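K.L.:
Shown below is the structure under consideration.
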Amino acid sequence: MLMGDEMQEDILQKAFESLWDIMEMEEAILQNKPVKSMLQDPQRQSESADQEGFLPDFSAVIRSVTGSISTGDADLLQDEAGTSAVEEAYSLIEESRRQEREKVHREKEQERKSHREKVEKLPEYVASCRTLEEIAWKVSECTRCQLCETRKRAVPGNGVVNPKVMIIGEAPGAEEDASGEPFVGRAGKYLDTWMGAIKLFRGRDLFIGNIIKCRPPGNRDPLPDEQKACIPFLRRQIRILRPKAILCVGRIAAQILTRQDVGIGRMRGPVYRYEGIPLIVTYHPSAVLRNPESYRAPVWEDLQKLSAIIRDAGS
Ligand code: URA
Numbered sequence: 014m015l016m017g018d019e020m021q022e023d024i025l026q027k028a029f030e031s032l033w034d035i036m037e038m039e040e041a042i043l044q045n046k047p048v049k050s051m052l053q054d055p056q057r058q059s060e061s062a063d064q065e066g067f068l069p070d071f072s073a074v075i076r077s078v079t080g081s082i083s084t085g086d087a088d089l090l091q092d093e094a095g096t097s098a099v100e101e102a103y104s105l106i107e108e109s110r111r112q113e114r115e116k117v118h119r120e121k122e123q124e125r126k127s128h129r130e131k132v133e134k135l136p137e138y139v140a141s142c143r144t145l146e147e148i149a150w151k152v153s154e155c156t157r158c159q160l161c162e163t164r165k166r167a168v169p170g171n172g173v174v175n176p177k178v179m180i181i182g183e184a185p186g187a188e189e190d191a192s193g194e195p196f197v198g199r200a201g202k203y204l205d206t207w208m209g210a211i212k213l214f215r216g217r218d219l220f221i222g223n224i225i226k227c228r229p230p231g232n233r234d235p236l237p238d239e240q241k242a243c244i245p246f247l248r249r250q251i252r253i254l255r256p257k258a259i260l261c262v263g264r265i266a267a268q269i270l271t272r273q274d275v276g277i278g279r280m281r282g283p284v285y286r287y288e289g290i291p292l293i294v295t296y297h298p299s300a301v302l303r304n305p306e307s308y309r310a311p312v313w314e315d316l317q318k319l320s321a322i323i324r325d326a327g328s
C-alpha cells in the first residue's frame, strides 16, 4: 500500500496521465479520428507501456507539487482528477461530439435530399426553355453538382441554330473555364482544322458543346452524378438546335449519347441515330494530338463519313 508522499506522487502521476489522455482525445476529436479512451482500451495501454517515452515523465513536476500540498488536497485531487472523474469527462465529451456528428449528418442528409429532388426535376425545368439563351442562362446559374463550386465560368456551348454539325465534347478544360467558350484551347484549334478540312466553320455551320458544362478539377473524367445532373441541358439543346448530324468526340460523349459502355475504338464506325439525327463517333482531338500516328487516319475516315452525311442531307 502506498503512503504519504509516495501516495500523493501516485495520485498526481495518474492525474497528469489522465490530463495527457484528455489532450490526446481532444486532438483526435479535432482531427476527426475515432476517440478511444486509453484508460478503457487495454490494447493501447499495453502498447503505450511498451513504447519508451510514450508518456512524458512528470516526476519532477509532481515532486515540486507534492512538496506543497497536504494529504487532504491529495484526496481532493483523487476526487476531481481520479479515474472515474476523467472517464465521466470522456463520456460527456464523447456524447456532445456524437450529438454534433448526428446533427451534421442530418443536415447533410437534408442537403442531399433537396439536391436529389432538384436533379430529378431538372428535365422538366430545362424542358421549359424555349431558346438556347435561356438554357445558357440556366447553365450559368446551375448549382446541381459540385462542379459549380470550382468553375470560373460555366460553358453552355455556342454556335448557330440548325447547324450542319453539332460537335459534342466531354467537358471544358482550363481555357474554356476561363473564357466561357467551348473548345478554345489547343484541342479546340486542332478541331477547327478538322472541320476546315471538310469545309465546315464555326459561326456558319457548327454548334459546339459538351456533355458537362463546367470544368472538372484537374480535367478528370466527369463523375456519374455530374453527368446525370448536366445531361438534360444537352438533350434540350439538341432538341432546339436540330442539327443535320452530331459528331461525338471522345469516349465520354460517345458512350452517353449512344448508350454504350465500350471503348471509343470499338464504338467508331457505324452511323448511330440520336432522336433520328445521324451521329458519328470519333477520337477526341486531345487524344489525336497525343498520338497522331495511331489516330489521325481513323479520324479522317470518320470526318469523311460525316461530310457525306451532310452532303446527302442536301445542304
Ligand atoms: N475538351 C472538351 O472536351 N471540351 C472542351 O470544350 C475543351 C476541351
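Going by the working numbering, the sequence shown opens with residue 14, and the numbers climb by one from there. Each residue gets a CB set at the ideal place from its N, CA and C atoms; glycine is no exception. Since we're looking at a predicted model, the values are computed, not measured.
1) Just list the beta strand (DSSP E) runs in the segment 150-219, keeping only unbroken ones of 3 residues or longer that don't cross its boundaries, in chain order.
2) Measure the Cβ-Cβ separation of A258 and V173 and say whether it is below 7 Å.
3) Given 6 Å as the limit, tell me if E189 has its C-beta closer than that to any heavy atom belonging to ligand 1.
4) Check whether the segment 219-236 and the segment 156-168 are in contact - that is, three or more C-beta pairs closer than 8 Å.
5) Can you give the beta carbon distance from I180 to L260, rounded, assuming they're within the 8 Å contact cut?
6) Threshold first: 4 residues or longer. Then list the alpha helix (DSSP H) segments lying entirely within the segment 255-283, N to C.
7) From Q273 to M280, what does the alpha carbon distance come to, in whole angstroms?
8) Leaving out the 5 sequence neighbours to the left and right, which residues in its chain are closer than 6 Å to E147 when beta-carbon positions are compared?
9) Quick one: what's got a C-beta closer than 6 Å to P311's C-beta in the same chain, skipping five residues either side?
10) Is the Cβ-Cβ distance between V139 and R157 less than 7 Å?
11) Counting pairs of beta carbons, one from the segment 203-221 and one from the segment 313-320, are three or more of them closer than 8 Å?
12) Nearest to A326 by alpha carbon, out of C155, N232, T295, P291?
13) Provide the residue span of the alpha helix (DSSP H) that contains L316, from first to last.
14) Using 8 Å as the cut-off, can you tell me whether the segment 190-209 makes contact with the segment 295-311, which would need three or more C-beta pairs spanning the two stretches below that distance?
15) Between P235 and A184, is the Cβ-Cβ spacing less than 7 Å?
16) For G182 and A266, which I take to be in contact (beta-carbon distance under 8 Å), what is that distance rounded to the nearest angstrom?
17) By Cβ distance, which residues of its chain are closer than 6 Å to M14, with the 5 residues on each side in sequence left out?
P.N.:
Per the coordinate set shown:
1) 178-182
2) To locate residue 258, count along the sequence shown from 1; it is residue 245. To locate residue 173, count along the sequence shown from 1; it is residue 160. Their beta carbons are not under 7 Å apart, which means A258 does not touch V173 by this criterion.
3) If you number the sequence shown from 1, residue 189 lands on position 176. Yes; taking the cut-off as 6 Å, the Cβ of E189 has a heavy atom of ligand 1 nearer than that.
4) yes
5) Here residue 180 refers to the residue found at position 167 when the sequence shown is read from its first residue. Here residue 260 refers to the residue found at position 247 when the sequence shown is read from its first residue. Confirmed, about 5 Å.
6) 264-271, 277-280
7) Along the sequence shown, read from residue 1 onward, the residue named residue 273 stands at position 260. Along the sequence shown, read from residue 1 onward, the residue named residue 280 stands at position 267. Looking at the two C-alpha atoms, the distance is approximately 8 Å.
8) In the sequence shown, the residue the question calls residue 147 occupies position 134. The answer is none, since no qualifying residue turns up.
9) For the purposes of this step, residue 311 is taken as residue 298 along the sequence shown, with counting starting at 1. Same-chain partners within the cutoff: there are none.
10) On the sequence shown, position 126 is the one that residue 139 refers to. On the sequence shown, position 144 is the one that residue 157 refers to. Contact flag unset, no.
11) yes
12) Position 313 of the sequence shown holds residue 326. Here the closest residue by C-alpha is P291.
13) Residue numbering aside, residue 316 sits at position 303 when the sequence shown is read from its first letter. Its alpha helix (DSSP H) spans residues 305-325.
14) yes
15) Mapped onto the sequence shown, residue 235 falls at position 222. Mapped onto the sequence shown, residue 184 falls at position 171. Taking 7 Å as the Cβ cut-off, P235 and A184 qualify as a contacting pair.
16) Taking the sequence shown and counting its residues from 1, one reaches residue 182 at position 169. Taking the sequence shown and counting its residues from 1, one reaches residue 266 at position 253. Contact holds; Cβ gap of about 6 Å.
17) Sequence index remark: in the sequence shown, residue 14 carries index 1 (1-based). Here M14 scores only 44 on pLDDT, less than 50, and its place in the model is too uncertain to base an answer on.
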